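Working notes, beginning with the structure itself.
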Amino acid sequence: MRPTAPALIPVLMVSAMAMVPAACSRESGSGRHEDSGPPADPAAWASLKGFTAIEATGPDNVIVTRGDFSVRAEGEQKVLDRLDIRVDGDRLEIGRRKRMGMSWSDDRGATIRVSLPAIRSVEATGSGDVEVDRADGEGFTAELTGSGNVKVAAMQVRSLKAEITGSGDMSVAGAAESVDVSVTGSGNFSGESLKAGRGEASILGSGDVGFASDGPVDISIMGSGNVTVKGKAQCKQSIMGSGEARCAP
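Take a look at the structure:
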């Protein structure tokens, strides 16, 4: 019999939704870096290397491909002049510099094309989209906060950890020995073409999660979101609210 806790659901849901604006508030600013500084230097971007992670903050779209290290941006010059792209440790940070009296709503955003030998993690904050052509290796982490989308076209990793906070959607295709997906808010995780050896799916809100598995899958739902696991998975369910877990071929 499905466990229920009607009295707790409104309080917990309000708490969860309160987290979303706080997490998305970075979009109302101008990115991570607040110094206006000199104009952007595309020549300096081209020399950036040594990173395995990408953090994208703002309205700009990022396209990631495998290859030698390369970073270049396309768009209106006034937009390019406001970009702030730098490497901090093993992380490529893509953001905007603060300009008084200007907001992201007055431009159409830029497209940043990034190439690197191997990628281990992506963090997207704001309204921009991030597309990754391929992820391989031990593990891959994807974090999505805000209204932007993240797409990984092909994956072959031992472990995938995906976290969605807000209204953005994430789609992943490929295979992972273990998959751990967490959704808070209304965002969706689409993994219909993702095969997991084993998995965990957690929803707090109205977002949906889907992937395929023939192994053990732990499902936790609090709210109206749904989890769909295709295959012969052995699902363990904990549900509070109107959400549903569907485990079937």
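Sequence positions in the sequence shown follow mature numbering (1 follows the signal peptide of the UniProt record, and there is no 0) and run -18 to -1, 1 to 231. All residues carry an ideal CB built from backbone N, CA and C; glycine is no exception. Just so it is clear, the structure is predicted and the values come from calculations on it, not from any experiment.
Item                                                                                                                                             : Value
Taking buried to mean at least 16 other C-beta atoms within 10 Å of its own C-beta, is Pro41 buried or exposed?                                  : buried
Which residues bound the alpha helix (DSSP H) around Pro24?                                                                                      : Pro24 to Ala28
Would DSSP call Lys31 helix, strand or coil?                                                                                                     : coil
By DSSP, does Glu58 sit in helix, in strand, or in coil?                                                                                         : coil
Which residues in the same chain have their Cβ closer than 7 Å to the Cβ of Arg8, if we skip the five residues on either side of it in sequence? : The predicted position of Arg8 is uncertain, since its pLDDT is 37 and thus under 50; a value taken from the coordinates is nonetheless stated next. Hits under 7 Å: Thr39, Thr107 and Gly108.
What does the alpha-carbon distance come out to for the pair Thr47 and Asp66?                                                                    : 20 Å
For Arg228, count neighbouring Cβ atoms within 10 angstroms of its own Cβ and tell me buried if that reaches 16, exposed if not.                 : exposed
Once DSSP output is grouped into helix, strand and coil, what is the label at Ala183?                                                            : strand
I'd like the ranges of any beta strand (DSSP E) spanning at least 3 consecutive residues and lying wholly in the stretch 123 to 205.             : 132 to 134, 137 to 148, 152 to 154, 156 to 167, 171 to 187, 191 to 195 and 198 to 205
Going by the C-beta, is Val163 closer than 7 Å to any heavy atom of the ligand SAM?                                                              : Annotation note on the ligand SAM: not contained in the displayed structure, which lists no ligands.
Less than 8 Å between the beta carbons of Ile146 and Phe122, yes or no?                                                                          : no
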